[in-house]
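Numbering (my numbering), first residue to last: 134 to 580.
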């Protein structure tokens, strides 16, 4: 095939090609400059965050030092409140310098624990209890780690100023790094710079305590292991269908066999063969059942699974499903940690959701302590702003650190018409918890 170009055509072709090259070059230069400006902006932001973190960690170390010498509950309370605020702000500053390859588990864990731990010591001191030598040792360990981390942040600041440490690579990944983001990343510059050894485990009554990650469910702790075939029978009974297949097992503190069907997902513990969860994923039609009917269906369902002595507490209706919370009762004492949630479809009464994990983790026969206070004595701890308070009975309530306390449960009305549930320690008379009871057309909940 022949192509004939005139001189004018050749000139035009050359001109258009040159123009296209210039446009592409200009675009590349623009985006290159934009990327450069972005890198600089991110790095400057990181520098500011490091500076802020440096100030906050200095303050945290100083406050912890004062805490070692606090001699009165009032002083310890003021110090713990200051630590709570300061460590929270430091954690927020640390979060702003996080990247895909930045892993600072020890620093995050320390900042999560320090304010909470000292707040717990403050409450203990205010209740007239002495701080133990072990607790003081933990406080000293936290101070040592805080000093080491603060010093290292000082050094990082200086390395940033002198150019010894470059955050550009950590701040903006290359396209190849972004593509390989699913692979386990290597430690980044800040991860290496702020890596401080020597902060051990801290066990206390709080949600960030290290023991919370290691809890073994009480129901499975000493149970015998069951076969996958037996677990399949439990899953079929729980889901109401035999059309299930085994999928990948769950390897956690509650190892489980997992099964699936058409829109059905369920798990059964390898030890004991207990149902852990059930999820039925389907569209729900027009509601034909009332919450009371759903409650009765859910209670009967638990009995068929061999789970009895369960008391319905609160419920919520949403998206065509009524979810009821059941708590275990022992000798007329309601045990709120032993919780099972059951969801009932309001169109046909099918059980479409079960979450028994809290029950499996916490359920066990309890040796309830002898009561030291009468209900009347405990009620004296309630606030004066309450219009009236009625005793509902005894209840075991969970603490944030997965421990338990035996309390008197009172239903009270506030001056502004608030419905409240209040829990007073049956042994010490300390007011442990206050919940607001919210009753709406869709359910009864607590906040």
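Virtual Cβ for every residue (Gly too), placed ideally from N, Cα, C.
Predicted model, so just to flag it, every value in this text is computed and none were measured.
Among the options, whose alpha-carbon lies nearest the alpha-carbon of residue i?
i, options, result
"residue 401", "295, 412, 182 and 388", "388"
"residue 493", "559, 469, 476 and 226", "469"
"residue 525", "250, 557 and 519", "557"
"residue 466", "269, 474, 273 and 444", "444"
"residue 259", "449, 226, 512 and 211", "211"
"residue 474", "249, 199 and 428", "428"
"residue 228", "455, 552 and 181", "181"
"residue 368", "422, 403 and 253", "403"
"residue 435", "413, 461, 422 and 267", "461"
"residue 353", "503, 560 and 490", "490"
"residue 204", "463, 464, 264 and 391", "264"
"residue 509", "559, 207, 550 and 447", "559"
"residue 486", "297, 275, 392 and 455", "455"
"residue 190", "250, 518, 285 and 206", "285"
"residue 413", "431, 393 and 405", "393"
"residue 609", "218, 254, 185 and 225", "Because residue 609 is not part of the residues shown, which for the chain are 134 to 580, the question remains open."
"residue 512", "226, 442 and 564", "564"
"residue 350", "398, 405 and 375", "405"
"residue 459", "481, 433 and 480", "433"
"residue 415", "397, 225, 464 and 179", "397"
"residue 195", "422, 250 and 275", "275"
"residue 426", "382, 463, 481 and 391", "481"
Would you mind sorting residue i into buried or exposed? The rule is 16 or more other CB atoms within 10 Å of its CB.
i, result
"residue 498", "exposed"
"residue 365", "buried"
"residue 357", "exposed"
"residue 322", "Reliability of the predicted coordinates at residue 322 is poor, the pLDDT of 49 falling under 50, and the value obtained from them is presented with this limitation in mind. Buried, since its Cβ has 16 or more Cβ neighbours within 10 Å."
"residue 395", "exposed"
"residue 471", "buried"
"residue 574", "exposed"
"residue 271", "buried"
"residue 569", "exposed"
"residue 408", "buried"
"residue 261", "exposed"
"residue 424", "buried"
"residue 572", "exposed"
"residue 505", "exposed"
"residue 319", "At residue 319, the pLDDT of 40 sits below 50, so the modelled position is not reliable; the number obtained from the coordinates is stated separately. Result: exposed."
"residue 266", "exposed"
"residue 269", "exposed"
"residue 355", "exposed"
"residue 297", "exposed"
"residue 380", "exposed"
"residue 312", "Here the model assigns residue 312 a pLDDT of 46, short of 50, so the residue's position is not dependable and the matter cannot be decided."
"residue 495", "buried"
"residue 303", "Because residue 303 carries a pLDDT of 44, less than 50, the predicted location of this residue cannot be relied on, and no value is offered for it."
"residue 550", "exposed"
"residue 202", "exposed"
"residue 200", "buried"
"residue 437", "exposed"
"residue 442", "exposed"
"residue 399", "buried"
"residue 375", "exposed"
Is the Cβ-Cβ distance between residue i and residue j less than 8 Å?
i, j, result
"residue 530", "residue 566", "yes"
"residue 488", "residue 410", "yes"
"residue 522", "residue 501", "no"
"residue 209", "residue 193", "no"
"residue 244", "residue 223", "yes"
"residue 386", "residue 348", "yes"
"residue 545", "residue 553", "yes"
"residue 183", "residue 290", "yes"
"residue 450", "residue 576", "yes"
"residue 360", "residue 287", "no"
"residue 447", "residue 579", "yes"
"residue 519", "residue 476", "no"
Mind reading off the beta-carbon distance from residue i to residue j? Whole number of angstroms is fine, and I expect it under 8 Å.
i, j, result
"residue 420", "residue 453", "6 Å"
"residue 293", "residue 240", "Not confirmed; about 17 Å, so no contact."
"residue 417", "residue 371", "That belief does not hold up - the Cβ atoms of residue 417 and residue 371 are roughly 19 Å apart, past 8 Å."
"residue 514", "residue 562", "5 Å"
"residue 528", "residue 542", "4 Å"
"residue 277", "residue 248", "In fact, because the Cβ distance is near 17 Å, the residues do not count as touching under 8 Å."
"residue 213", "residue 252", "5 Å"
Is residue i a contact residue of the ligand SAH, with contact defined as CB to any heavy atom under 7 Å?
i, result
"residue 498", "Within the structure as shown, the ligand SAH is missing, as the structure has no ligands at all."
Curious, which full-length beta strand (DSSP E) runs of at least 3 residues does the stretch 464-500 contain?
-> 466-478 and 484-488
Which ranges would you report for the alpha helix (DSSP H) in the stretch 344-378 if only whole runs of at least 4 residues count?
-> 351-354 and 361-372
Identify every run of the beta strand (DSSP E) within the stretch 368-433, keeping only runs that are complete inside it and at least 3 residues long; order them along the chain.
-> 389-394, 397-402 and 408-413
Pick out the complete beta strand (DSSP E) segments inside the stretch 493-560, 3 residues or longer, and give them in chain order.
-> 519-531, 537-547 and 552-558
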